[in-house]
Amino acid sequence: MDGNAKNHDGRALIGLADPLPVSGKTMGYVRVPYSRNESAYGFIAAPITVIANGDGPTALFLAGSQGDEFEGQIALSRLAQEIEPDAVTGRIIIFPMANTSAAEAGQRNSPIDGLNLNRTYPGDIRGRITEIMANYIERALMPESDFVVDLHSGGASLEYLPSAAFLDHPDPNERARRLAIAMAFGAPSILFWKANEDRTSSGAARRAGSVRISAEIGGGSRVTGAHVATTYNGVRNVLAWAGILPFPEAPAAPGPVVREVDMERDYLYALEPGLFEPLVSLGDDIVAGQLVGRIHDPSTPGSMPHDIRTDVAGTVVCLRSLTKTDRGDCVLHVGRAPQSQLLAEIESARGLTWVSDLYRRRRPRVRRTPKGESDET
Ligand SMILES: [Zn+2]
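Just so you know, we're using our numbering here: the sequence shown kicks off at 28 and counts up by one.
So this is what it looks like as structure tokens:
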């Protein structure tokens with residue numbers, strides 16, 4: 028137990044304004060006040076584990092930003108249970124149910140306020156419960172962290188080709204820092220996303236002086252052992268890359284396939300309601316004009332299915348897994364081969380160890396003198 032965290036029943040209770048522990052292993056809850064008719068002084072208990080030892084970088088891992096995305100929640104719970112401080116150089120912050128009320132309900136958005144955490148940053152300490160969670164993550168967790176990994180999946184309605192992911196940024200150095208973490212994650216695929224990041228954890232991390240990537244692994248309302256393993260191994264790989272955990276015994280996988288995704292260009296939507304029958308699979312390469320799915324209307328006898336032909340070309344990296352479909356639902360999106368500029372950046376980001384380099388520079392070197400005085404440089 029460390030800092031101001033109160034110990035209840037062996038578990039820490041950390042207030043929204045309390046400092047985070049700086050040594051040892053602390054497991055417990057962030058206390059997010061939630062006064063309601065049935066519980067005047069009640070709180071939402073957001074699970075947190077902090078494992079810290081010695082001088083080194085701080086890594087923040089989020090899962091459950093959308094409460095129907097389970098792979099990261101399971102992988103982080105296992106890591107929180109098994110990592111002990113003596114294996115750590117630096118600090119690991121594990122926040123596995125980031126939008127706790129959504130994760131408790133197993134729903135994408137919070138059932139209390141209907142909000143999606145990853146569209147709510149920077150949040151508001153005086154706002155609704157998801158806004159308070161976003162504010163806590165951006166204001167309290169991210170400024171303490173050199174980098175952030177936000178673990179996602181397709182949730183209830185989508186499934187993803189297992190991928191690390193990061194958002195584009197105009198600053199090439201920022202892009203390189205993000206790309207280096209994404210490559211360290213070791214997933215077979217990397218998605219380079221062109222989208223507005225301000226309301227997401229990527230924008231939150233940037234405002235907080237940290238660097239964030241995400242992962243999109245699996246989904247479809249259920250987990251597989253393989254998807255949990257890819258998520259778990261990715262977290263361990265990133266911790267080893269940052270010098271926080273020793274390198275794993277297993278050699279790193281061969282280099283990932285990097286694909287660009289433009290939210291304005293590469294998403295395909297249903298324009299009729301009905302039952303979605305996909306005619307392609309994750310990982311398939313599709314061409315413009317290809318028939319990729321049908322929408323059926325069994326309520327109208329004799330009706331012909333509505334064909335969905337794509338006007339986008341690329342590899343299917345995300346596919347709708349929910350059959351019942353409404354007008355306006357995304358049925359798939361593709362990733363495309365990266366432009367030559369990104370290909371060059373991938374090469375230069377390979378082996379970029381900016382987190383541990385940064386920390387080596389920041390750490391004061393102490394040279395003992397015969398008089399016992401120290402000489403800090
Ligand atoms: Zn998500």
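All C-beta atoms in this analysis are idealised placements derived from N, C-alpha and C, irrespective of residue type, glycine included.
Distances from the alpha-carbon of Val288 to those of Gly341, Leu89, Gln93, Gly37 put Gly341 closest. Burial check for Met124: the Cβ neighbour count within 10 Å reaches 16 or more, so the residue is buried. Assignment of alpha helix (DSSP H) within the region 268–330, counting only whole runs of 4 or more residues, yields no such run. If you check the C-beta of Glu65 against ligand 1, you find no heavy atom less than 7 Å away.
One alpha carbon belongs to Phe274, the other to Val262, and they sit about 12 Å apart. Residue pairing by DSSP places Ser216 opposite Ser190, Val284 in a beta bridge.
Rounded to whole angstroms, the gap between the alpha carbons of His35 and Ile322 is 54 Å.
Boundaries of the alpha helix (DSSP H) harbouring Thr127: 127–132, taken from the DSSP string. If you look at Asn136, you'll find it isn't in any beta strand (DSSP E); DSSP assigns it neither H nor E. In this structure, DSSP gives Thr251 a state outside helix and strand, which the three-state scheme calls coil.
Here Ala90 is bridged, per DSSP, to Leu178.
Take the alpha-carbon of Val250 and the one of Thr257: they are about 11 Å apart.
The DSSP assignment places 333–336, 341–347, 357–362 as complete runs of the beta strand (DSSP E) inside the region 330–385, in order along the chain (cut-off: 3 residues). In this chain, Tyr148 is not harboured by any alpha helix (DSSP H), its DSSP state being neither H nor E. For Gln368 and Glu98, the gap between their C-alpha atoms comes out near 33 Å. Within a 10 Å sphere around the beta-carbon of Thr327 sit fewer than 16 other beta-carbons, which makes this residue exposed. Spatial neighbours of Gly42 in its own chain (CB-CB distance under 7 Å, excluding positions within 5 residues in sequence) are listed in chain order as Arg58. In its chain, beyond the 5 residues on either side, Val343 have a beta carbon closer than 6 Å to the beta carbon of Asp311. Residue state for Ala235 is assigned as coil, using DSSP reduced to three classes. In the DSSP assignment, Thr116 falls outside any beta strand (DSSP E) and carries neither an H nor an E. Judged by their CB atoms, Leu346 and Leu309 are nearer to each other than the 8 Å cut-off.
Using a cutoff of 7 Å, the CB of Ser92 counts as near ligand 1, since one of the ligand's heavy atoms is closer than that. DSSP, reduced to helix, strand and coil, places Arg387 within a helical segment of the structure shown. Counting only the Cα atoms, Ser128 lies some 14 Å from Asn145. Between the alpha carbons of Asn200 and Ala191 lies a distance of about 19 Å.
Between Ala222 and Leu194 the beta-carbon gap is near 6 Å, inside 8 Å, which marks them as a contact.
For Asn64, the number of other beta carbons within 10 angstroms of its own is below 16, and it is reported as exposed. In this structure Tyr296 is in contact with Asp356, their Cβ atoms being roughly 7 Å apart against a cut-off of 8 Å.
Boundaries of the alpha helix (DSSP H) harbouring Leu103: 98–109, taken from the DSSP string. By the neighbour-count definition (other C-beta atoms within 10 Å, threshold 16), Ser330 is an exposed residue. In the DSSP assignment, Ala79 falls outside any alpha helix (DSSP H) and lies within the beta strand (DSSP E) extending over 70–80.
As a beta-bridge residue in DSSP terms, Ala242 pairs with Leu178, Ala191. Distance check between Glu291 and each of Arg204, Gly154, Val339 places Val339 closest, using alpha-carbon atoms only. When DSSP states are grouped into helix, strand and coil, Asn34 belongs to the strand group. Remark: the shortest separation between the CB of His179 and any heavy atom of ligand 1 falls under 7 Å.
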